[in-house]
Amino acid sequence: MKIILLVEGETEKKALPDFFRRWLKGRIDPLPGILPINTKGCDNHIKECALKASLYLKNPDVIAVFGLLDLYGPKTIPDHCKTPQEKCDYLRQRLENEIASPKFKQHFAIHELEAWLLSDPDIFPADVKRALPGKVVKPEAVNSTEPPAKLLTRLYRERTKRDYKKVAHGVELFARLDPEKAKSKCPALAALLDDMLALAQASRG
3 MKIILLVEGE
13 TEKKALPDFF
23 RRWLKGRIDP
33 LPGILPINTK
43 GCDNHIKECA
53 LKASLYLKNP
63 DVIAVFGLLD
73 LYGPKTIPDH
83 CKTPQEKCDY
93 LRQRLENEIA
103 SPKFKQHFAI
113 HELEAWLLSD
123 PDIFPADVKR
133 ALPGKVVKPE
143 AVNSTEPPAK
153 LLTRLYRERT
163 KRDYKKVAHG
173 VELFARLDPE
183 KAKSKCPALA
193 ALLDDMLALA
203 QASRG
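Mapping of the sequence shown onto my numbering: position 186 corresponds to residue 188, and the numbering continues sequentially without gaps.
Encoded structure:
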C-alpha cells in the first residue's frame with residue numbers, strides 16, 4: 003500500500019515523506035509508504051500531472067496520488083482569480099478534472115512550502131527566530147511580496163552571514179518540525195493531511 007506524491011522540487015522529495023508519515027503514525031496502521039516523484043518544476047507538473055497520475059493509478063498497490071504545488075509558482079492562472087483560494091480552486095479543478103479519479107487530489111502550499119516551516123519559529127537558529135516578522139503567526143499570509151523562501155534567504159544572510167540552502171536546510175528543518183503544530187497554523191496543509199488520511203482509510207474497505 004503506497005501513496006504517490008507528485009512534487010515540484012528536491013526539498014519536497016527529500017523532506018515530505020517522513021514529515022507526512024510522522025503525522026499519519028498512530029492514525030492508521032500499517033502506515034502507507036509514500037513515494038515522492040520530482041516533476042522538476044511547476045510548469046512540468048501542470049503539463050505532465052495527468053499522464054503521470056493516470057499511470058500510477060493503474061498500479062493496484064497505489065491507493066492514492068497527490069499533487070503538491072507552491073501557489074507562488076504557477077503563471078497560467080487567469081487574471082480573474084485574485085485570492086489564494088480562487089487560485090487554488092482554479093488549478094485544483096483543472097488538474098483533478100484532467101485525471102477524473104477520486105484517488106487523485108491536487109493540493110497547494112500557500113504561498114510556498116517554506117511557509118510550513120514558519121509555523122514553528124523554534125526550529126530556526128536563535129538569531130533567525132528573533133528576526134522573523136510578526137506575520138509568521140499566520141504562515142500562509144507570508145505571500146508573494148516576499149515569499150517564505152526569500153524571507154529565509156534574507157534573514158539567514160543578515161543574521162547568520164550564511165546562505166539559506168533550500169534543500170539542505172529544508173530537510174533539516176522539516177525533520178525538527180512537529181506536523182501537528184504546522185497543521186494547526188496552515189489550513190492548506192491541514193486539508194492535504196486530512197485528505198491523505200481519508201484516502202488511506204478508504205483503501206481499507
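Glycine included, each C-beta is placed from N, C-alpha and C at the ideal position.
Quick check: K183 and L191, are their CB atoms within less than 8 Å of each other? No; because the gap between Cβ atoms is not below 8 Å, this pair is not in contact.
CA-to-CA distance, K163 to F110, given in whole angstroms: Using only the alpha carbons, I get a separation of about 31 Å.
Let me know if H113 comes out buried or exposed under the rule of 16 or more other beta-carbons within 10 Å of its beta-carbon.
-> It is buried - the Cβ of H113 has at least 16 other Cβ atoms within 10 Å.
Tell me the start and end of each unbroken alpha helix (DSSP H) in the stretch 117-146 that is at least 4 residues and wholly inside, in chain order. Here the runs fully enclosed are 128-133.
Q. Out of curiosity, what's the CA-to-CA distance linking K107 and L115?
A. Rounded to whole angstroms, K107 and L115 show a C-alpha spacing of 17 Å.
Original post:
For E10, which residues from the same chain have a beta carbon less than 8 Å from its beta carbon, with the 5 sequence-adjacent residues on both sides left out?
Top reply: The answer, listed in chain order, is N40, T41, K42, G43, C44, N46, H47, L70, L71, D72, G75.
Report task. Select from R23, I30, P32 the residue whose C-alpha is nearest the C-alpha of P38. Result -> Comparing Cα positions, the closest option is R23.
Length-filtered (4 minimum) alpha helix (DSSP H) runs lying within the stretch 72-107: Entirely contained in the stretch 72-107, the alpha helix (DSSP H) runs reaching 4 residues are, in chain order, 86-101.
DSSP beta-bridge partners of V64: V64 is bridged to K4.
* To the nearest whole angstrom, what separates the beta carbons of I65 and I5, a pair I think is in contact under 8 Å? -> Right, their Cβ atoms sit about 6 Å apart.
> Between which two residues does the alpha helix (DSSP H) harbouring I48 extend?
Replying inline: First-last of the alpha helix (DSSP H) with I48: 44-59.
| query | Run through DSSP, which three-state label would G69 get? | reply | DSSP places G69 in the strand class (E or B) of the three-state scheme.
(Q) Quick check: the stretch 154-163 against the stretch 124-138, are at least 3 beta-carbon pairs closer than 8 Å? (A) A contact exists between the stretch 124-138 and the stretch 154-163.
TODO: Work out the CA separation of L8 and K89 for me, nearest whole Å.
DONE: Answer to the nearest angstrom: the Cα atoms are 19 Å apart.
- Task: Compare the C-beta of C188 against all C-beta atoms of chain C and say whether one is closer than 8 Å.
- Result: Among the protein chains of the structure shown there is no chain C, as only one such chain exists.
task = Counting only the same chain and skipping the five closest in sequence on each side, list residues whose C-beta sits under 6 Å from that of P208.
result = This structure cannot speak to residue 208, because the chain is shown only from 3 to 207.
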